[in-house]
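Enquirer:
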Amino acid sequence: MIYLLLSILSSSVIFVIFKLFAKFKINTLQAIIFNYFIACSVGFLGFIKETDITQIPGKDWFPGTLILGILFILVFYLAAITTQRSGLSVVSVATKMSVAIPILFGIFYFQESTGVLKIVGIIFALAAVYLTSLKRRDGIAIRKRNLIYPILVFLGSGIIDTLIKFLEASYVSKTEVALFSSTIFAIAGVIGIGVLIVQSIQGKATISLKNILGGIALGIPNYFSIYFLVMALRGGKFDSSTIFTINNVAIVLVSTLLGILIFKERLIPKNWIGIALAIISILLVANSVI
Numbered sequence: 001m002i003y004l005l006l007s008i009l010s011s012s013v014i015f016v017i018f019k020l021f022a023k024f025k026i027n028t029l030q031a032i033i034f035n036y037f038i039a040c041s042v043g044f045l046g047f048i049k050e051t052d053i054t055q056i057p058g059k060d061w062f063p064g065t066l067i068l069g070i071l072f073i074l075v076f077y078l079a080a081i082t083t084q085r086s087g088l089s090v091v092s093v094a095t096k097m098s099v100a101i102p103i104l105f106g107i108f109y110f111q112e113s114t115g116v117l118k119i120v121g122i123i124f125a126l127a128a129v130y131l132t133s134l135k136r137r138d139g140i141a142i143r144k145r146n147l148i149y150p151i152l153v154f155l156g157s158g159i160i161d162t163l164i165k166f167l168e169a170s171y172v173s174k175t176e177v178a179l180f181s182s183t184i185f186a187i188a189g190v191i192g193i194g195v196l197i198v199q200s201i202q203g204k205a206t207i208s209l210k211n212i213l214g215g216i217a218l219g220i221p222n223y224f225s226i227y228f229l230v231m232a233l234r235g236g237k238f239d240s241s242t243i244f245t246i247n248n249v250a251i252v253l254v255s256t257l258l259g260i261l262i263f264k265e266r267l268i269p270k271n272w273i274g275i276a277l278a279i280i281s282i283l284l285v286a287n288s289v290i
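Read in full-length UniProt numbering, the sequence shown has 160 at position 160, and its numbers run on one by one without any break.
1) Determine whether the beta carbon atoms of Thr132 and Asn35 lie at a separation below 7 Å.
2) To the nearest angstrom, report how far apart Thr242 and Val116 are at their CA atoms.
3) Glu176: buried (16+ other C-beta within 10 angstroms of its C-beta) or exposed?
4) How would you write the range of the alpha helix (DSSP H) that Trp61 sits in, first residue to last?
5) Is Leu134 helix, strand or coil by DSSP?
6) Does DSSP put Thr245 in a helix, a strand or coil?
7) Which same chain residues, not among the five before or five after Glu168, have their C-beta less than 7 Å away from its C-beta?
8) Grab me the residues of Ala125's own chain with a C-beta within less than 6 Å of its C-beta, minus the 5 sequence neighbours each way, in chain order.
9) When you compare only the Cα positions, how much space is there between residue 296 and Leu257?
10) Give the C-beta separation of Gly69 and Ile226 to the nearest angstrom, bearing in mind that I take them to be a contact with Cβ-Cβ under 8 Å.
11) Following the continuous alpha helix (DSSP H) through Glu265, name the residue where it begins and the one where it ends.
12) May I ask which residues mark the beginning and end of the alpha helix (DSSP H) holding Ser182?
13) In its own chain, which residues sit with a C-beta less than 6 Å from the C-beta of Ala217, not counting the 5 before and 5 after it?
14) Using beta-carbon positions only, say whether Ala31 and Asn211 come within less than 7 Å of one another.
15) Does DSSP put Asn211 in a helix, a strand or coil?
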């Protein structure tokens with residue numbers, strides 16, 4: 001349970017850092033790329049001992065980390081396009097609602113338990129995610145020609161969580177969690193550097209110190225958000241559909257409360273309903289396995 005709480009806390013800190021990016025006008029793409037290298041370094045320097053990195057490509061889980069590294073960059077790019085064309089609320093809903101994919105994967109592929117409390121809790125969790133993400137009273141409006149982008153963000157985000165669960169359960173040993181997490185970030189970072197090089201050649205990227213500092217601030221909690229999530233998934237007390245439900249809706253809940261406390265954000269009535277549903281969903285899903 002402690003790993004799940006730490007994963008929620010780490011992911012919620014990421015939310016605060018992203019909000020500060022806008023305040024200090026930090027280039028999000030550059031900060032995210034640098035963050036991957038910081039996250040990778042945290043793992044290698046703090047949790048990995050006497051590892052021959054030349055043996056990493058031979059690991060059974062390595063092909064999966066290649067896919068994850070590519071998806072990390074691709075989903076961010078699609079999220080940026082979605083934000084530009086449909087707004088931040090649409091991205092928020094698409095990303096957070098994607099939790100339905102790993103939940104269904106856990107239930108059908110791993111034959112995880114279901115019950116009335118759990119099913120109702122999951123439904124409430126999805127409703128909570130949607131309602132807390134709304135920033136306008138009239139809901140979300142998406143033009144037909146832009147619909148493909150949030151759909152791809154939804155699928156990409158869901159596949160990332162699902163693939164992490166699959167690799168963790170099938171190939172990653174207990175002693176390789178840190179190495180597995182660091183490798184994902186290293187691959188994403190290398191791909192990101194390639195993107196920056198192309199942008200620099202085109203004259204579209206100017207690297208600055210504040211973007212690097214933003215990457216450092218983001219990289220530390222980002223590493224732990226993945227590391228602690230993997231550790232929570234292999235904890236044994238909760239199955240993955242329960243972990244993903246509680247993790248996702250708790251991040252939404254904590255992030256919303258942090259937005260109120262730190263950034264003085266104002267919520268509309270739908271947001272408050274979402275918060276109430278989030279609390280109820282956590283209680284229902286948690287009690288369904290007790």
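Glycine included, every Cβ here is placed at the ideal spot set by N, Cα and C.
Expert: With the given structure in hand:
1) Contact: no.
2) Approximately 13 Å between the Cα atoms of the pair.
3) It is buried - the Cβ of Glu176 has at least 16 other Cβ atoms within 10 Å.
4) That residue, Trp61, is in no alpha helix (DSSP H); it is neither H nor E in DSSP.
5) Looking at Leu134 - three-state DSSP - the assignment turns out to be coil, as it is neither helix nor strand.
6) Taken through DSSP and simplified to helix, strand or coil, Thr245 comes out as helix.
7) Here the set comprises Val230, Leu233, Arg234.
8) Non-local beta-carbon contacts of Ala125 in its own chain, meaning distances under 6 Å to residues more than five positions away in sequence, involve Thr245, Val249, Ser281 in chain order.
9) Not covered by the structure: residue 296. The range shown for the chain is 1 to 290.
10) At roughly 12 Å, the Cβ-Cβ gap does not stay under 8 Å, so Gly69 and Ile226 are not in contact.
11) DSSP places Glu265 outside any alpha helix (DSSP H), giving it a letter other than H or E.
12) Run containing Ser182: 177-201, per the alpha helix (DSSP H) assignment.
13) Taking Ala217 as the centre and dropping the five residues before and after it, the same chain places the C-beta of Ile17 closer than 6 Å to its C-beta, in chain order.
14) Yes, these two residues count as a Cβ contact at 7 Å.
15) In this structure, Asn211 counts as helix in the three-state DSSP scheme.
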